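Novice: First, the structure itself, so that you have it in front of you.
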Amino acid sequence: MLGLTLGDAIEHLYRYGKLEDSIVKALSVGSRARLLRVLEVLEGEGVVQRAEEAYVLVDPLRGLEVLNSLRCVDVSRLTRFIEWSDFEEFVARVLSEEGYRVFRDVRRTSISRFQIDVLGLDPSRGIGLVVECKRWQRVLSSMSRLAEAARSHVERTRKLVRVCEWVAVSMPELRRVRELLPVIVTLAQPSIPIVEGVPIVSVATLRDFARNAEDYAEELEAVRIENRCWVRGGSTCGST
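FYI, the numbering used here numbers position 154 of the sequence shown as 156, with every residue one higher than the one before it.
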């Protein structure tokens, strides 16, 4: 364990789901002190728990958020250890915590087929986030492939709007949202913030994006699709 760094220790935590005290003690005095401060923050945020002389990882995706804010490790090293089911669940949880009404796996299998990973609706702000979750370990180097993914997601959102009456039967909140914003959420930190009008957002920065979606959309000149089923005044029974 000679030369073990703080980053190595955190990667061990994510790879194996726990970080033993023996590994913590193997770090140099300075690195160990920094690691213990980080672990204290992670424990306070509910990311890790103490158990049997080890720190056990219980909320890895929340951990990415916290570690990104601390700027103590390269979180891109950790994304390959994230499970797909945890990824989608985390996206839904963040949107819910930020005041969105969340729907997962929204799909239509007949005419105008589409499938949406996560749909977050905030009637109080009149905005909806149509989220495509991409488990890219690094954001694609091929711009053509990235652009294709963005265009496909815009079309997916347009299909949702085309059949909004059908969708609103099971989620009447849709009628209280004036516009929909297609967003791609990735595990890795994107090198560019927007492609083909679609914001590319990492899980580590998703919370800030959700909280300030309108500002980001305006600043990035993102695609914003008008919801033709929007009912002015928030009523779901029709306009007056």
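Think of the CB as a built atom: it goes at the ideal place given N, C-alpha and C, for glycine as much as any other residue.
On a predicted model such as this, the values are computed, not experimentally measured, just so you know.
#1: Between which two residues does the beta strand (DSSP E) containing L183 stretch?
#2: If contacts are defined as beta-carbon pairs under 8 Å, then A11 and I25 qualify, I think. What distance do you get, rounded to the angstrom?
#3: Under the DSSP definition of a beta bridge, which residues are partnered with I196?
#4: Using three-state DSSP, classify C135 as helix, strand or coil.
#5: Let me confirm a value: I202 is counted as buried when at least 16 other C-beta atoms fall within 10 Å, else exposed. Which label applies?
#6: Would you kindly work out how many angstroms separate the C-alpha atoms of A28 and L6, rounded to a whole number?
#7: I'd like the ranges of any beta strand (DSSP E) spanning at least 3 consecutive residues and lying wholly in the region 12–56.
#8: Got a sec, what are the start and stop residues for the beta strand (DSSP E) R103 sits in?
#9: Compare the Cα-Cα distances from E67 to each of E54, Y57 and E47 and report the closest residue.
#10: What does a CB cutoff of less than 7 Å around I113 pick up in its chain, not counting 5 residues either side in sequence?
#11: When DSSP labels each residue in this structure, what does D119 get in the three-state scheme?
#12: Pick helix, strand or coil for H6, following the three-state DSSP scheme.
#13: Taking the straight line between their C-alpha atoms, what separation do you get for R180 and V165?
#14: Give a yes or no on contact between the region 152–165 and the region 203–212, applying the rule of three or more CB pairs nearer than 8 Å.
#15: State the CB to CB distance for the pair V200 and V225, rounded to an integer number of angstroms; the pair is presumed to be in contact (CB under 8 Å).
#16: Which residues in the same chain as F89 place their Cβ atom closer than 8 Å to its Cβ, once the five residues preceding and following it in sequence are excluded?
#17: Check for me: the alpha helix (DSSP H) holding M145 runs from which residue to which?
#18: Please work out which residues of its chain come closer than 6 Å, Cβ to Cβ, to V104, disregarding the five sequence neighbours upstream and downstream, and give them in chain order.
#19: For the putative contact between E45 and Q51, defined by C-beta atoms under 8 Å, what is the C-beta separation to the nearest angstrom?
#20: Within 10 angstroms of the Cβ of T81, are there 16 or more other Cβ atoms? Answer buried if so, exposed if not.
#21: From G240 to I84, what distance separates their C-alpha atoms?
#22: Note the first and the last residue of the continuous alpha helix (DSSP H) segment covering D88.
#23: Helix, strand or coil: which one does DSSP assign to G65?
Specialist: Taking the coordinates as given:
#1: Bounds of the beta strand (DSSP E) holding L183 are E181 to T188.
#2: A11 to I25, Cβ: 6 Å. Contact.
#3: Beta bridge pairing from DSSP links I196 with P201.
#4: Here C135 sits in strand by DSSP.
#5: Counting C-beta atoms within 10 angstroms of its own C-beta, I202 has 16 or more neighbours from the protein chains shown and is therefore classed as buried.
#6: Their Cα atoms are separated by approximately 7 Å.
#7: If we require 3 residues or more, the beta strand (DSSP E) runs fully inside the region 12–56 come out as 20–22 and 50–52.
#8: Start and end: R103 to R110.
#9: If we check each option's Cα against that of E67, E47 comes out closest.
#10: If we look at I113 and ignore the five residues flanking it on each side, it has no Cβ neighbours.
#11: The three-state secondary structure of D119, taken from DSSP, is strand.
#12: In the sequence under discussion, the amino acid at residue 6 is Leu, which differs from the His named in the question. It is coil, neither helix nor strand.
#13: For R180 and V165, the gap between their C-alpha atoms comes out near 15 Å.
#14: Between the region 152–165 and the region 203–212 there are fewer than three inter-stretch CB-CB distances shorter than 8 Å, so the stretches are not counted as touching.
#15: Their Cβ separation, rounded to whole angstroms, is 6 Å, which keeps V200 and V225 in contact under 8 Å.
#16: Around F89: L63, C135, R137, L189 and V205.
#17: It spans M145 to R164 - the alpha helix (DSSP H) in which M145 sits, taken as one unbroken run.
#18: Excluding sequence neighbours, V104 sits near A94, L97, S98 and G122.
#19: The C-beta separation of E45 from Q51 comes to about 7 Å, placing the pair in contact by the 8 Å criterion.
#20: Around the C-beta of T81, 16 or more other C-beta atoms lie within 10 Å, and the residue is accordingly described as buried.
#21: No answer about G240 holds up, because its pLDDT of 42 lies below 50 and its placement is not dependable.
#22: Where D88 is concerned, the enclosing alpha helix (DSSP H) stretches over W86 to E99.
#23: The DSSP-derived three-state label of G65 is helix.
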